[in-house]
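Participant:
2 protein chains.
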Amino acid sequence: MTRRVTIADIATAAGVSKGAVSYALNGRPGVSEATRAKILAIAEEMGFVPNRAARSLSVSTAQAVGLALRRSARTLGIEPYFMELISGIEATLSAGSYGLTLQIVDTVEEEMEVYRRWWAERRVDGVLLCDVGIEDRRLDFVADLGLPAVAVGGPVAGARFPAVWHDDAEPCREILEYLHALGHRRIARVAGFAHLLHTAQRDAAYAETAAELGLDGMTTVHSDYTGEQGARITRRLLSSAKRPTAIIFDNDVTAVAGLGVAHELGIAVPDGLSIVAWDDSPLCRLTHPALTSLTRDITAYGSQCAEALLAHIGPPPASGEAPAFSVQFRPAQLSPRGSTGPARG
Amino acid sequence: MTRRVTIADIATAAGVSKGAVSYALNGRPGVSEATRAKILAIAEEMGFVPNRAARSLSVSTAQAVGLALRRSARTLGIEPYFMELISGIEATLSAGSYGLTLQIVDTVEEEMEVYRRWWAERRVDGVLLCDVGIEDRRLDFVADLGLPAVAVGGPVAGARFPAVWHDDAEPCREILEYLHALGHRRIARVAGFAHLLHTAQRDAAYAETAAELGLDGMTTVHSDYTGEQGARITRRLLSSAKRPTAIIFDNDVTAVAGLGVAHELGIAVPDGLSIVAWDDSPLCRLTHPALTSLTRDITAYGSQCAEALLAHIGPPPASGEAPAFSVQFRPAQLSPRGSTGPARG
DNA sequence: CGACGGCGCTTAACCGGATAAGTGCTCCGA
DNA sequence: TCGGAGCACTTATCCGGTTAAGCGCCGTCG
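Chains as they are written, first to last, in our numbering: chain A, 6 to 350; chain B, 6 to 350.
See below:
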C-alpha cells in the first residue's frame, strides 16, 4: 500500500512550489502554460487525486449531499419510488462530482438531529427533504440551521428554500374523468399517509373533480402505503354492500395488494373491478392484468431535485439571478393498461 | 448563520489551550478530571461538533464506508433486496458513527474507477462488494489497491479479504425435496445472472439434489432478474409440450411476474402450477396466492456485512486475534404459502 | 538539600490542500 | 535610463483538528 501522492510530491517532481501546483491543477492564473502542462502531466503520471478532507478543510465545502429517509427497511425495500429517486439524484450528483450520503432514520426528531450533526460536521453541503408533510417541522428547522435544502415535493407555503414538485391536481382530474367516462360511479380511493402534503393535494383535487362530475359517493381511506394495509382496506371496500366498481390506489404497492385481494375474492379485473395505481413502476407490469397507472419519471425527478440543490448550494448569494425557487416538474401521465375497463351493468 | 464552534473557541472559553481541549474531548489522559469536566460542559453548552474534514485530515480516516451498486435504476427500484440490504448496512454504520456513501454505476470498469477514486481521495475507509461473480476482477483490484473490503456473498476462493455469505446448498435441497414430496417431477428453474457466484452455487446444489432424487428433467434458464425476462421465460416454459408442474424462481420479482403469466394463461396456482420464490420480501405476500418463498433476513445480513467491514477496517493489524474471515450467515428458511401444492394427476 | 519523576498543561508541528501577499524578473513607455 | 506595470513563481498562513515534545511545578526519596 504505497503512500498517497500529494501536491507536495508533485511540486518536488516538477521542481516548483506547492502553490504553483495548486494553481496549475485548479486552472487558475499564476503559472505559465508550459509549467501548467508539465505539472498536469506529472500529476497524471503519478496518479494524483486530491485528498477530499484537505480540500474540504480549506474551502469548507464537503462536496457531498445528504439524504435522510424516514421509512422502515421493509417499506423502503418494496417501494420502487425511493430507489428510483436515489438513482436519479445520484446520477446528477456524481456528474457534478458530489457524493451522496445516506441515512435511514426512525423519527422526525432523529432526522433533524442528523441534519444538525451533518451540518455542524460539515459532512454535507445540503440536503434533500423527502416526504414533505402538511405541517412540517423540518422545514423551519433546516432553514434556521442555515443548511441549504431542497424539498422533494411541494409547493411549500412560505418556503424558505426551493422545492421541486409536480402538479397532482391535473392527473387526479384525468383519472376521475377517465373512470367516469368508463361508466364508473362508485369509485373508492386508497390514499397514502394523511399527513403528507401531496396526499392532501390529491384529496382536494379529487374532491373538486368529483363534485364537478356529480360523483358524490367517493370514499377515501388513508393508508401507510404498505401492502398489508392496502390489502386490508381493499378487502373491506370489496366486502361492503355497495362495493366500488373502481379503486384508485395512491401507490403501486397497495395497488398490487388490492389486485391480489380481488383475485382472492374471485372478483375479475377489470370486469368486476377497475384498478388504477399511482407511480407506475415495473411492479405494475408484473401483474396480470397489468395495472393502469400514472406514469412519471421518478429517476428524472430525482435528477431535477439534485440539480436544484446543487444550484442552491453552488453560486455564492452575490449572483444576479435569484435561484429558481420551486421548480415544477411535468405532471404524471395516465397509462391505461388491462386493469381498467367499462363499469359492469 | 453563526460561525461554527471550534476547539479553539472552547479553549478560549475554558481558559486552556487547544491541546487540552482535544485531550479532554477524546477521553485521553493529559488533563485533570476537574478540567475535563469543565471543558466537556463548555463544549456541550456551546454545541460543539468536531469538523469531520479536520479530523479526517489529521487521523487520515474518513469515517465512511462506500457502496457502489452496478444495477440499473429500474432494477434497483423494484428489487427489495438492495434497499433492505442498505438499510441493514446503514443501521450498523450509524451506530458506529460511520457514514454510508452510495454510488450507482453502469459497468465494472466504472465501479473499479469509483473505488480507486474513493480510496485515493480517502473518501471512504472501506467498501462492500455486492453481486460477487464467479470470475470477479474487482476482488484482486480492490485488494491490490489496499482498500479494505468485504464481499457480500461467497465464499470467495483465495479471498484476500473477508466475505459474509450464507450456504445456499441446504435451502436448494430443502426446496427440491419439498416439491418432490408434493409429487412434482417436472420442475423448472428461472435462475439469476449466470455469472454470479451464488447462481453457480445454486446451479450445483440443485443438480446434485436432482440427481439424488432421480429428477432428470429439471431445466434451468438464466435471467437478468427483471420481471420482463421472468415473464418471458415463464411463458415459454408453460407453453412447451411437457410443461413443468413447478417452477423455482431465483428472486421475488421474476416469481411475481411468473405468477402473472400463469394467470394470463389461465393456469391455476397452485393446482396447475406450483411456484417457489427466493428472497421472501413483502412482495411475496402481496399476490394471490401468496408465494411460497425462501426467507432470509436481508436487513440483518446487511448489518452483519457492515460489522465485518468495520472489524476489518477497525483495529490496526497488530491485534492478536485475526479478523474473522468469511463469516457465514444463517441459511434461508422455506416459508410455505399458497403458491405450492400437490402435483396434479 | 538537591535530583528526579510524573502530572497537567502549553507549544508547536503536522495532515494536504487553497490562497493572499511578497519577490524577482522582464518589458514597456516616458 | 529609469520607474512602474505585470507576469511567474515562492513564501507563508490558514482551515480545525491531533499529537509529540517541552516545560513548570509539586512531591518524594536518597
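Just so it is clear, CB atoms sit at the ideal spot from N, CA and C, and this is done for glycine as well.
Given that a residue counts as buried once 16 or more other Cβ atoms are within 10 Å of its Cβ, and exposed if not, what is S1/A?
Facilitator: Within the shown structure, residues of chain A are numbered from 6 to 350, placing residue 1/A beyond reach of any answer.
Participant: Exposed or buried, A156/A, counting other C-beta atoms within 10 Å across all chains shown (16 or more means buried)?
Facilitator: buried
Participant: In this structure, what does DSSP give as the bridge partners for Q333/B?
Facilitator: W170/B
Participant: Using the three-state DSSP reduction, which class does G71/B fall into: helix, strand or coil?
Facilitator: In this structure, G71/B counts as strand in the three-state DSSP scheme.
Participant: Kindly indicate if chain A contains any beta-carbon less than 8 Å away from that of R127/B.
Facilitator: yes
Participant: In its own chain, which residues sit with a C-beta less than 7 Å from the C-beta of W124/B, not counting the 5 before and 5 after it?
Facilitator: L150 and L152
Participant: Closer than 6 Å by C-beta to A313/B: which residues in its own chain qualify, once you throw out the five before and the five after it? Chain order, please.
Facilitator: V155, P167, V169 and V332
Participant: Hey, R128/B and E126/A are a contact pair by Cβ (cut 8 Å); roughly how many whole angstroms apart?
Facilitator: With a Cβ gap of about 15 Å, R128/B and E126/A do not count as contacting.
Participant: When the Cα atoms are used, what is the spatial distance from G325/B to F198/A?
Facilitator: Note on G325/B: pLDDT 44, under 50, position unreliable in the model; the coordinate value appears next. Approximately 52 Å between the Cα atoms of the pair.
Participant: Could you give the C-beta distance for R240/B and V281/B, rounded to a whole number, given that I count them as a contact under 8 Å?
Facilitator: A Cβ-Cβ separation of about 18 Å leaves R240/B out of contact with V281/B under the 8 Å criterion.
Participant: Of the residues that make up the segment 77-89 of chain B, which ones have a beta carbon closer than 9 Å to any beta carbon in chain A?
Facilitator: If you check each beta-carbon in the segment 77-89 of chain B against every beta-carbon of chain A, the ones closer than 9 Å belong to S77, A78, R79, T80, L81, G82, I83, E84, P85, Y86, F87, M88 and E89.
Participant: Please identify the residue among A236/B, V113/B and D285/B whose C-alpha is closest to the C-alpha of L352/B.
Facilitator: Nothing about residue 352/B can be reported from this structure: the residues present for chain B run from 6 to 350 only.
Participant: Going along the chain, which residues of the segment 35-59 of chain A sit with their C-beta nearer than 9 Å to a C-beta in chain B?
Facilitator: G52, F53, V54, P55, N56, R57, A58 and A59
Participant: Note the first and the last residue of the continuous alpha helix (DSSP H) segment covering L30/A.
Facilitator: K23 to L30
Participant: At what residue ranges does the segment 115-203 of chain A contain a whole run of the beta strand (DSSP E), taking only runs of 3 or more?
Facilitator: 131-134, 154-157, 168-171 and 192-196
Participant: Roughly how many angstroms lie between the CA atoms of E182/B and D285/A, to the nearest whole one?
Facilitator: 38 Å
Participant: By how many angstroms is the C-alpha of A316/A removed from the C-alpha of R142/A?
Facilitator: 24 Å
Participant: Assign L339/A to one of three DSSP states: helix, strand, or coil.
Facilitator: strand
Participant: Just to confirm the assignment, what range does the alpha helix (DSSP H) spanning L278/A have?
Facilitator: Looking at the DSSP string, L278/A is not in any alpha helix (DSSP H), and its letter there is neither H nor E.
Participant: I need the straight-line Cα distance from S99/A to E50/B, nearest angstrom please.
Facilitator: 38 Å
Participant: When burial is assigned at 16 or more other CB atoms within 10 Å of the CB, is D130/A buried or exposed?
Facilitator: buried
Participant: Under the three-state reduction of DSSP, which class applies to T231/B: helix, strand or coil?
Facilitator: coil
Participant: With DSSP as the reference, label V226/B as helix, strand or coil.
Facilitator: Shown here, V226/B sits in a strand according to DSSP, grouped into three states.
Participant: When DSSP builds the beta bridges, which residues end up paired with L107/B?
Facilitator: L105/A and L72/B
Participant: Looking at the structure shown, is A16/A part of a helix, part of a strand, or coil, going by DSSP?
Facilitator: A16/A falls in the helix class under three-state DSSP.
Participant: Against chain B, with Cβ distances strictly below 8 Å, would T292/A count as a contact?
Facilitator: yes
Participant: With respect to the beta strand (DSSP E) encompassing F254/A, which residues constitute its N-terminal and C-terminal limits?
Facilitator: A251 to F254
Participant: Near H351/A, what residues of its chain come up, given a Cβ to Cβ distance below 6 Å and the 5 sequence neighbours on each side ignored?
Facilitator: Here chain A covers residues 6 to 350 and nothing more, so residue 351/A does not appear.
Participant: In or out: R8/B buried (at least 16 other Cβ within 10 Å) or exposed?
Facilitator: exposed
Participant: Within 10 Å of its beta-carbon, does E116/A have 16 or more other beta-carbons around it, so buried, or fewer, so exposed?
Facilitator: buried
Participant: By the 10 Å Cβ neighbour count, where 16 or more other Cβ atoms means buried, how is A193/B classified, buried or exposed?
Facilitator: buried
Participant: Rounding to the nearest angstrom, what Cα-Cα distance links Y86/A and I318/B in this structure?
Facilitator: 33 Å
Participant: When we look at the beta-carbon of T80/A and count the other beta-carbons within 10 Å, is it buried (16 or more) or exposed?
Facilitator: buried
Participant: Could one say the Cβ of E95/A lies closer than 8 Å to chain B's Cβ atoms, at least one of them?
Facilitator: yes
Participant: Which chain A residues sit within Cβ distance under 9 Å of H268/B?
Facilitator: Within 9 Å Cβ-Cβ: H268, T292, H293 and P294.
Participant: So, are the CB atoms of P341/B and T297/B less than 8 Å apart?
Facilitator: yes
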